[in-house]
Amino acid sequence: MSGATTGPTSAPYLPIAEHGLIGDLHTAALVGTDGTIDWYCCPSFDSPSVFAAILDADRGGTFELSAAVPADTKQFYFPDTNVLITRFFTEDGLGEVQDFMPVADSVECDRHRLIRRVVCVRGTIPFRARVAPRFGYGAHPHTLQMREGSALFASEALSLTLTATVPLESGGKDVRTRFALSQGETAVFALNRVSHETPPRGCLLAEAEREFTATVAFWRRWLHQSRYRGRWREMVHRSALTLKLLTYVPTGAIVAAPTTSLPEQIGGGRNWDYRYAWVRDSAFAVYALLRLGFAEEAEAFMGFLTQHIERRDVGPSGPLQIMYGIDGRSELPETELPHLEGYRGSAPVRVGNGAVTQLQLDIYGALIDSVYLYDKWCQPLSSGRWRAVCALVDWVCEHWDQPDEGVWETRGGRKKFLYSRLMCWVAIDRAIRIAQHRSLPAELGRWGPVRDAIYWRIMEKGWAPSRQAFVQHEDGDVLDAAVLMMPLTKFIAPNDPVWLSTLDALGNELVSDSLVWRYDPEASPDGLEGDEGTFSICSFWYVEALTRAGRLDEARLAFEKMLTYANHVGLFAEEISHTGEQLGNFPQAFTHLALISAAFNLDRALG
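Quick note on the numbering used here: the sequence shown kicks off at -3 and runs consecutively.
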């Protein structure tokens, strides 16, 4: 897939979709189809980058490793794992680079070891490598010390050691090498974090083989827990593996994406940092993983949230923030990095996220729905967690009618968004269900009437007779794909005439070849400049809405079409352009969890 270009800066950049993802449940790296690591933060997802060539080809830093002669390349995952293999087909032979990050115990994992194993499968192939770290998003200087079989890159905040089984040469502050392998021969590169607790260590051929075997075994053991046996098993399992890669195992947080500032429009400014734990995204991810039988991740995330529900005073966004740092911190100041040009000139590059202070009422429904499913499918809630849920529901009962920034985090002023009301209804409804099912103490005499009041408010104020559809916010007539969640949350029957009318209106105005726009920014100014692509999560919501409405042929065709927009290894970014190019941060948890839900429900409906 080729991407759009924007002048002279575009040539060095691969399309966003031309990457695979590896990780160790602390951090992750993007590996291009040309064998180059274009993005890597160490030691955690939201740490400053070491390699960020995807945001600035000249100043970002890179780890190149490829055939030294013209080659065709193909990339795939080792089956049922997050081990990535890039193959190089040359006139004189076939070789491959096996990229992975071992998932180790706490001591070993502090190394955040990144292993690149080069194998010559047939013939003889010359290879070349260039390791050019640029610490602190390319802003922090470093020194280079060459040692026998290794190189030490040291900056003030982070040091990395590169060990290799081939000779290394210094070139300024970078390391280069050229070597040739014949059939059956292997070379290994290992990049390790160095600290007082984790001194330098090599990675010989035999050790790399053991690490490879152990990493493959880890991912296969994890995936074996899946209960999904449906029609789209490969895509569903790849999505599950991707969601797991986006999990920060020390706390149970789930990042929205492992990248920052990949643009929603090439050359545009809608570039955001997604390396944090959004309550909404994480709660939906828990739902998707629970559907497949992965209870451990749900338990870990519940633990993460419980800490913050219980310890935080009520702030401008209520008892919960919309997002947290992966370590639970609440301060995520948004800054720009003007020294980086951005992907294909798409500035600014941002670190942190200013939306952290927004009021988004929908997060309470997303969270309590996931708690409801956890209680239903995993184990009964503890008394402490129920007390926290009750506090949240009490707050929602008091504040559901406020205008807010909404699910799309608009920066054009607060409105009374239908989706926010809908998810407040979900929050109260699910809490009532838990209380009744478990015979738990609850203020049902208060909660029930508020839930009903929200229902009638949506039905009366959220319906626009002129559009014969439910619309984005009160006192407006703008369509919004977020209302696709109305039948998915069981707020309205999927075959209710007013809902079917809404579904038709959405299909006529916001859907194109299965791709769905969130809304029309011209009709509903969101305070942001530029355009954006279609939102992939909305496309999968559309599939699920069609499914629940009994329009199975349409649903299946739309779903199959959406799968054609996945990249070569089954990954999705946040958005898709009108030309089919993937846009936005990559890969996106929101998209993959929606794919799982749509596949699960469509499978069940098809029988």
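Idealized CB from N, CA, C, for every residue including glycine.
For the region 398 to 477, the full-length alpha helix (DSSP H) segments reaching 4 residues or more read 414 to 434 and 440 to 457 along the chain.
Judged by DSSP secondary structure, residue 372 falls within the alpha helix (DSSP H) whose first and last residues are 358 to 373.
When beta bridges are read from the DSSP output, residue 122 appears opposite 176. Under the 8 Å Cβ criterion, the region 352 to 360 counts as touching the region 381 to 397, having at least three qualifying pairs. Counting of Cβ neighbours within 10 angstroms places residue 423 among the buried residues, the total reaching 16 or more. In this structure residue 278 is buried. Its beta-carbon is surrounded by 16 or more other beta-carbon atoms within 10 angstroms. The beta-carbon distance between residue 134 and residue 57, rounded to whole angstroms, is 6 Å. This is short enough to meet the 8 Å contact definition.
Annotation: the continuous alpha helix (DSSP H) that includes residue 275 extends over 275 to 288. Non-local beta-carbon contacts of residue 52 in its own chain, meaning distances under 6 Å to residues more than five positions away in sequence, involve 336 and 337 in chain order. Considering only 442, 18 and 46, the residue with the shortest C-alpha distance to residue 137 is 46. The Cβ atoms of residue 69 and residue 89 do not sit closer than 8 Å to each other.
In terms of Cα proximity to residue 151, the closest of 48, 438, 189 and 380 is 189. Contact between residue 252 and residue 592 does not hold, since the beta-carbon distance rounds to 16 Å and is not under 8 Å. Straight-line measurement puts the Cα of residue 473 at about 6 Å from the Cα of residue 460. Close CB contacts of residue 536 within its chain, under the 6 Å cut and outside five residues either way in sequence, are with 590, 591 and 594 (chain order). DSSP places residue 579 in the strand class (E or B) of the three-state scheme. Using a C-beta cut-off of 8 Å, the region 251 to 270 makes contact with the region 337 to 348, since at least three inter-stretch Cβ pairs fall below that distance. For the options 498, 76 and 414, the alpha carbon positioned closest to that of residue 217 is the one of 76. Membership of residue 36 in the beta strand (DSSP E) is indicated by the continuous run 33 to 37. If you check the CB distance, residue 414 and residue 512 do not come in under 8 Å. Per DSSP, the unbroken alpha helix (DSSP H) holding residue 553 starts and ends at 548 to 559. The residue from 364, 383, 329 and 353 with its alpha-carbon nearest to that of residue 347 is 329. One Cα belongs to residue 78, the other to residue 18, and the distance between them is close to 6 Å.
For residue 503, the secondary structure class from DSSP, reduced to helix, strand or coil, is helix. The residue from 452, 541 and 49 with its alpha-carbon nearest to that of residue 37 is 49. Residue 482 sits in a helix when the DSSP states are folded into three classes.
Across the structure, residue 300 and residue 320 are spaced so that their CA atoms are roughly 10 Å apart. The Cβ atoms of residue 95 and residue 83 do not sit closer than 8 Å to each other. With distances taken between CA atoms, residue 518 lies nearest to 475 out of 481, 494 and 475. For the 8 Å CB-CB criterion, residue 458 and residue 446 do not form a contact. Under the DSSP assignment, residue 27 falls in the beta strand (DSSP E) whose first and last residues are 24 to 28. Nearest neighbour of residue 283 by Cα position, chosen from 343, 368 and 220, turns out to be 368.
Contact between residue 67 and residue 122 fails: their C-beta atoms lie close to 10 Å from each other, not under 8 Å. Counting the other Cβ atoms within 10 Å of the Cβ of residue 483 gives 16 or more, which makes it buried. The C-alpha of residue 116 is placed about 15 Å away from the C-alpha of residue 185.
In the structure shown, the three-state DSSP call for residue 568 is coil.
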